[in-house]
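**Q** Submitted below is the structure of interest, expressed as structure tokens.
Next comes the structure, spelled out in structure tokens:
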């Protein structure tokens with residue numbers, strides 16, 4: 001009751017402040033998160049096989065370099081530049097540009113993953129070009145994924161992030177949540193256990209409709225989760241670089257008969273792993289009694 005009252009009060013305050021002071025504060029915080037990531041020291045190598053893909057625009061190159069500094073130095077970062085030709089094999093931070101030219105995100109990600117064989121036990125990370133960690137790092141995210149045996153996961157969105165789904169916002173005292181929903185961006189991780197169920201992504205353009213497909217895999221036993229211990233800041237506006245209406249039309253055509261209103265039903269928490277000191281305690285989803 002007390003928390004509900006606090007949320008309602010906070011909502012009233014934010015509605016009044018958002019058009020001016022809060023909007024400026026959010027922009028300033030995002031800029032600060034990007035600058036802090038760029039100034040952070042390169043993370044040491046871990047020896048664990050990790051393949052990271054990123055399709056980026058030339059104007060966001062500094063953000064990609066900052067994000068790579070938050071990744072282990074030995075990550076196999078495979079990059080594609082959409083505009084301009086940086087030359088084959090060009091280094092970008094700890095990554096290497098393997099291709100250049102226009103295209104759509106997930107077909108290009110599939111092409112990057114097919115460039116070289118994937119190690120059998122490798123985690124695959126798919127990152128946009130406008131995201132950095134505001135809390136934690138890629139190594140911390142992967143550590144939680146391994147500990148909880150997650151097949152598909154994302155870091156939680158920071159409350160200062162440009163987000164699409166409030167369900168993905170970070171929750172206090174939570175290490176991670178087992179869910180039926182993981183967002184297609186700006187960053188997610190595919191574990192090695194059921195990697196062939198998720199990859200290749202196929203001809204899905206910018207990825208609209210993948211979340212419904214992933215929820216179907218969750219119903220068949222795949223472990224999906226949102227890691228609240230690690231938080232990311234999406235610096236760009238969602239859908240600013242492509243025609244959202246075209247992606248929605250493609251999604252409808254590729255998934256005939258699908259109830260897209262059911263996407264909201266996938267945003268359910270199966271259980272929450274709580275952070276209490278150095279412990280991670282599991283809090284299962286309460287089972288409600290059936291109506292007579």
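In this note's numbering, the protein residues as written are 1 to 292. No residue lacks a Cβ here, since even glycine has one placed at the ideal position from N, Cα and C.
Whether or not the region 125-133 and the region 212-229 are in contact is what I'm after, with contact meaning three or more pairs of Cβ atoms, one per stretch, closer than 8 Å; do they touch?
**A** Taking 8 Å as the limit for Cβ pairs, the verdict is that the region 125-133 does not touch the region 212-229.
**Q** Can a CB atom of chain C be found closer than 8 Å to the CB of residue 221?
**A** The displayed structure is made up of one protein chain only, and chain C is not part of it.
**Q** For the region 91-109 and the region 27-34, state whether three or more C-beta atom pairs, one from each stretch, are separated by less than 8 Å.
**A** Touching, no, given that fewer than three Cβ pairs across the two stretches are closer than 8 Å.
**Q** Please list the terminal residues of the continuous alpha helix (DSSP H) segment that includes residue 216.
**A** Here the question's residue 216 lines up with position 216 in the chain shown. 210-219 is the extent of the alpha helix (DSSP H) around residue 216.
**Q** Which residue comes first and which comes last in the alpha helix (DSSP H) that contains residue 162?
**A** For the purposes of this step, residue 162 is taken as the residue at position 162 of the chain shown. That residue, residue 162, is in no alpha helix (DSSP H); it is neither H nor E in DSSP.
**Q** Give the secondary structure of residue 31 by DSSP, where H, G and I count as helix, E and B as strand, and everything else as coil.
**A** On the chain shown, position 31 is the one that residue 31 refers to. Helix.
**Q** If distances are taken between C-alpha atoms only, which option among 179, 204 and 236 comes closest to residue 221?
**A** As a working note, residue 221 is residue 221 in the chain shown. Taking only the C-alpha atoms, the option nearest residue 221 is 179.
**Q** For the beta strand (DSSP E) containing residue 134, list its first residue and its last residue.
**A** For this step, residue 134 is matched to residue 134 along the chain shown. Taken as a continuous stretch (DSSP letters only), the beta strand (DSSP E) holding residue 134 covers 131-135.
**Q** I need the DSSP call for residue 72, collapsed to helix, strand or coil.
**A** Here residue 72 refers to the residue found at position 72 when the chain shown is read from its first residue. Reduced to three states, the DSSP call for residue 72 is strand.
**Q** Going by the beta-carbon positions, is the gap between residue 132 and residue 233 smaller than 8 Å?
**A** Taking the first residue of the chain shown as 1, we reach residue 132 at position 132. Taking the first residue of the chain shown as 1, we reach residue 233 at position 233. Yes, the pair counts as a contact, with Cβ atoms nearer than the cut-off.
**Q** Under a Cβ-count criterion, where at least 16 other Cβ atoms within 10 Å of its own Cβ denotes burial, should residue 282 be classed as buried or exposed?
**A** Translated into the one-based positions of the chain shown, residue 282 becomes position 282. Exposed, by the Cβ-count rule.
**Q** Are residue 135 and residue 230 close, meaning C-beta to C-beta below 8 Å?
**A** What you label residue 135 is simply residue 135 of the chain shown in a count that begins at 1. What you label residue 230 is simply residue 230 of the chain shown in a count that begins at 1. Yes, the pair counts as a contact, with Cβ atoms nearer than the cut-off.
**Q** Could you tell me which of 86, 82 and 23 sits nearest to residue 106, measuring between CA atoms?
**A** Position 106 of the chain shown, counted from the start, is the residue given in the question as residue 106. For the residues 86, 82 and 23, the minimum Cα distance to residue 106 belongs to 82.
**Q** For the alpha helix (DSSP H) that residue 141 lies in, which residues bound it at each end?
**A** Along the chain shown, one-based indexing puts residue 141 at 141. Element bounds for residue 141: 138-148.
**Q** Is the distance from the Cβ of residue 149 to the Cβ of residue 272 below 8 Å?
**A** If you number the chain shown from 1, residue 149 lands on position 149. If you number the chain shown from 1, residue 272 lands on position 272. Contact flag unset, no.
**Q** From residue 51 to residue 78, what does the alpha carbon distance come to, in whole angstroms?
**A** As a position in the chain shown, residue 51 is number 51, starting the count at 1. As a position in the chain shown, residue 78 is number 78, starting the count at 1. Going from the Cα of residue 51 to the Cα of residue 78 covers about 7 Å.
**Q** Are the beta-carbon atoms belonging to residue 38 and residue 72 less than 8 Å from one another?
**A** For the purposes of this step, residue 38 is taken as residue 38 along the chain shown, with counting starting at 1. For the purposes of this step, residue 72 is taken as residue 72 along the chain shown, with counting starting at 1. Their beta carbons are not under 8 Å apart, which means residue 38 does not touch residue 72 by this criterion.
**Q** Using 8 Å as the threshold, is the C-beta distance between residue 228 and residue 140 below it?
**A** Residue mapping note: residue 228 aligns to position 228 of the chain shown, counting from 1. Residue mapping note: residue 140 aligns to position 140 of the chain shown, counting from 1. No.
**Q** With a 10 Å radius around its C-beta and 16 neighbouring C-beta atoms as the bar for buried, classify residue 45 as buried or exposed.
**A** If you number the chain shown from 1, residue 45 lands on position 45. Residue 45 comes out exposed.
**Q** Between the beta-carbon of residue 152 and the beta-carbon of residue 191, is there less than 8 Å?
**A** As a working mapping, residue 152 is identified with position 152 in the chain shown. As a working mapping, residue 191 is identified with position 191 in the chain shown. The answer is yes: Cβ separation under 8 Å.
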